[in-house]
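Sequential numbering from 1 applies to the sequence shown in UniProt numbering.
Report on the structure given below.
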Amino acid sequence: MSFVQPATIQVIADALEQPIVSDEAAKTLAPHVDVRLREIIQEALKFMRHSKRAVLTTEDLNQAFRLRNVEPVYGAGSKDPARFLRAAGHSDLFFVDDPELNVQQLLQPPLPRRPVEVGMVPHWLAVDGVQPAIPENAPLERPKAKRQRLEPARQVKQRQQQQQQQAAKERSAAPQPSAEAAVAHAASDSAAGEGPAVRPPVRHVLSVELQHYFGKVSALLRTPEKGKEGDEDGDDAKGTALQRAVLASLASDPGLHPLAPYFTQLIAEEVAKCVKQKSPTTSLLLLLKATRSLLVNEHIHIEPYLHQLMPAILTCLVARNLGAGPGDDHWSVRDAAARLVALVCGRFGDAYYNIQPRISNTLYNAFTDRKKPLTTHYGAVVGLAALGHKVVRLLLLPNLAPYARLLEEAMDPKQRNEMKRYEAACVYGALLRAACACVCHYITTARPASWQQPPESVQNEPRRVQLQKDRPFMAPVQLTITPLRSSPAAEGAAAQAGTAAAGGPEAVLADAWREDADLGKLLLAVHEVFGEAAVPWIPTQFCAAFL
């Protein structure tokens, strides 16, 4: 049944000032208008549902008109519903209330504020591969999972309970299962929902460019240049240039932060592989150079991956054997690793306050362990020396005299093992450089008040050496150095043993860690331990003290 009556058609025709419509024409047009209205309303309801709304608006009707190629309704819209009033004298005639407005009242209110000028506001989409949490970068929220129906879930739970009861009965009746069966049963229980839910690892999505870059760099780090003989076609020179380019890219490229965990894992695995397979030291040197490039790159946050890099660096520093054989230059690898340790402690020591004490403790234990080879001792010495003069003064100098006696035995010309003699000489040189540099540093930077006067009980008359006034440091200060002598207890023990009194240098070096230690005695003690070999490492202004 049509809800549009013929009388409605006649009223609309009168409102539009159309000629008088006959009753037959009105009866014919009424069903047609009813069908068209239903089509428009149905299309408008579709727009309303797609817009996730429950109220039909005029905009939905206009969209339905445009869909049907019908001219939309024009006019100013309003949030308030239209008020229809009944015409006086007509029971079935209505009109929209359109009150008259006073122009003066419209002009009296102040003008609204001027809109803001059109402009652009830049913001960061990503910083070092990480999207910052700002209002402009709204996070992509996943739609919530729909609530499952309760009845299927209840059925599944009942089925699981029945299976558990049946399995419990079988286990009670069956003998004690083996370990493999227990593991399989645990896996089945976990799959059935009894055990903890195991989530798959999160995939780290990398771009194709980063994957290609990592593949090229990892291939170069795994296969460095074979040697230094040099081919006729210049392949070695080309490989060296490629290595320099790769290292420069690792040290300065700002987009390599997503690859940091992969590079650290690669370096740790390759260092362990090279040490185990006794690969040439060129491979280890290249890996250490790559590590240094990653550490100096300001755009890579390498702090979370130091726990993977430090074992590899310390392995290159204090490992027993490095390289393909005794003739391979593993000393340069240990020196490079020592510089890397100093770089790590200097850059990340503030953030990780315990990293330098832990490294110092590890190197000190390697240095004081007599069961370790001399190569390990060399790495420990250069590592402690790279950490600074304070570490040398606290850890190396107190153990200098007893360790020097051990080296003298290994450096004896009667020693038949030439390799051991050479290794002892290398450790001796590293100790000499570290001790002399430390003592001279503290003497140079010390104030005049830190020089202690010799005790009055010294039997030998002290010698005073006036420094030249043209020297830039401490020109007006007189350096007083007294000959070292041991304590009475040490002299008595030495006399009973029938040996010369040797407690002097050891006693002074044992107290080298004290802040009030006599620097003049400390310098003389280092000279007595190393002899004339220490003179080239002592500055010229201090050599007059030994006259």
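Heads up, the beta-carbon is just placed ideally off N, CA and C, and yes, glycines get one too.
Asked, Found
"Just mark F95 as buried or exposed, buried being the case when its beta carbon has 16 or more other beta carbons within 10 Å.", "exposed"
"For F367, which beta-bridge partners are listed by DSSP?", "According to DSSP, F367 bridges with nothing at all."
"What's the call for S360, buried or exposed, on a 16-neighbour Cβ count within 10 Å?", "buried"
"Can you give, in chain order, each stretch of the alpha helix (DSSP H) that sits fully within the stretch 357–418 and has at least 4 residues?", "374–386, 400–410"
"May I ask which residues mark the beginning and end of the beta strand (DSSP E) holding R83?", "Taken as a continuous stretch (DSSP letters only), R83 belongs to no beta strand (DSSP E), as it is neither H nor E."
"Here's a check: name, in chain order, each residue in its chain whose Cβ is nearer than 7 angstroms to the Cβ of P258, leaving out the five neighbours to either side.", "G129, L206, L210"
"My output table needs one value for F95: the three-state DSSP class, helix, strand or coil.", "strand"
"Pick out whichever of G323, C316, G327, A351 has its Cα sitting closest to the Cα of L340.", "C316"
"Are the CB atoms of residue 551 and A366 nearer to each other than 9 angstroms?", "Here the chain covers residues 1 to 547 and nothing more, so residue 551 does not appear."
"How would you write the range of the alpha helix (DSSP H) that A216 sits in, first residue to last?", "Reading the sequence as shown, one finds Lys at residue 216 and not Ala. It spans 208–222 - the alpha helix (DSSP H) in which K216 sits, taken as one unbroken run."
"State the Cα-Cα distance for the pair H123 and V116, rounded to the nearest angstrom.", "19 angstroms"
"Please report the distance separating the alpha-carbon of H301 from that of E423.", "38 angstroms"
"Verify whether the separation of the beta carbon atoms of A337 and I355 is less than 9 angstroms.", "no"
"Starting from the C-beta of A187, find all residues in its chain whose C-beta is less than 6 angstroms away, skip the five residues before and the five after it, and write them out in chain order.", "Confidence in A187 is poor, its pLDDT being 49 and thus under 50, which makes the residue's placement too unreliable to answer from."
"Can you find at least 3 beta carbon pairs, one from the stretch 282–293 and one from the stretch 215–226, that sit closer than 8 angstroms?", "yes"
"Determine the burial state of M419: buried for a count of at least 16 other Cβ atoms within 10 Å of its Cβ, exposed for fewer.", "exposed"
"Mind checking who V130 pairs with in its DSSP beta bridge?", "V127"
"Can you list, in chain order, the residues of its chain with a C-beta nearer than 7 angstroms to that of T57? Leave out the 5 residues immediately preceding and following it.", "none"
"Can a CB atom of chain C be found closer than 9 angstroms to the CB of A517?", "Included in the structure is just one protein chain, with no chain C present."
"Identify the continuous alpha helix (DSSP H) that holds Q277 and give its terminal residues.", "260–277"
"Measure the alpha-carbon distance for R405 versus A435 and round it to whole angstroms.", "15 angstroms"
"Buried or exposed: which applies to M48, given that a residue is buried once 16 or more other Cβ atoms fall within 10 Å of its Cβ?", "buried"
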